[in-house]
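Participant: Counting in UniProt numbering, the sequence shown runs from 1 upward without gaps. The C-beta atom is built at its ideal place from N, Cα and C for all residues, glycine as well.
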Amino acid sequence: MSEVGIRALKQNASSVVGAAADGETITITDRGRPVAQLTALPTSPLDALRTSGQVRRARQALSAVPAPPPGPDLTAVLLRMREDERY
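What follows is the structure, encoded as structure tokens:
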């Protein structure tokens, strides 16, 4: 993440916007005080969710997650519970 002052932004707007379009987050400052951030627009719904913080990248590949232990079929368990409640 880089910072750019308002004066420098006015003088180099196209290069600053180009850097933001390439994925860099740029903090715009006014006399050294941060006042805004310039970022690229998300290109997909997943990017939008990631940018907003609602989702994040996986820490490990899905293939690395162990399979659940074998057990009774959940559908069968729920059907049995329903039958037990009725009678």
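Tell me the residue span of the alpha helix (DSSP H) that contains residue 51.
Facilitator: Per DSSP, residue 51 belongs to the alpha helix (DSSP H) from 45-52.
Participant: Using DSSP with H/G/I as helix, E/B as strand and the rest coil, what is residue 65?
Facilitator: Looking at residue 65 - three-state DSSP - the assignment turns out to be coil, as it is neither helix nor strand.
Participant: Quick check: the segment 39-48 against the segment 68-83, are there 3 or more CB pairs under 8 Å?
Facilitator: As far as the Cβ criterion goes, the segment 39-48 does not touch the segment 68-83, which means the pair count is below three.
Participant: Would the beta-carbon of residue 9 fall within 7 Å of that of residue 28?
Facilitator: A contact, by the Cβ cut-off of 7 Å.
Participant: Would the beta-carbon of residue 2 fall within 7 Å of that of residue 26?
Facilitator: Yes, they are a contact pair.
Participant: Just tell me which of 54, 17, 66, 6 has its CA closest to the CA of residue 32.
Facilitator: With distances taken between Cα atoms, residue 32 lies closest to 6.
Participant: Go ahead and pull the three-state DSSP assignment for residue 30.
Facilitator: If DSSP states are grouped into helix, strand and coil, residue 30 belongs with the strands.
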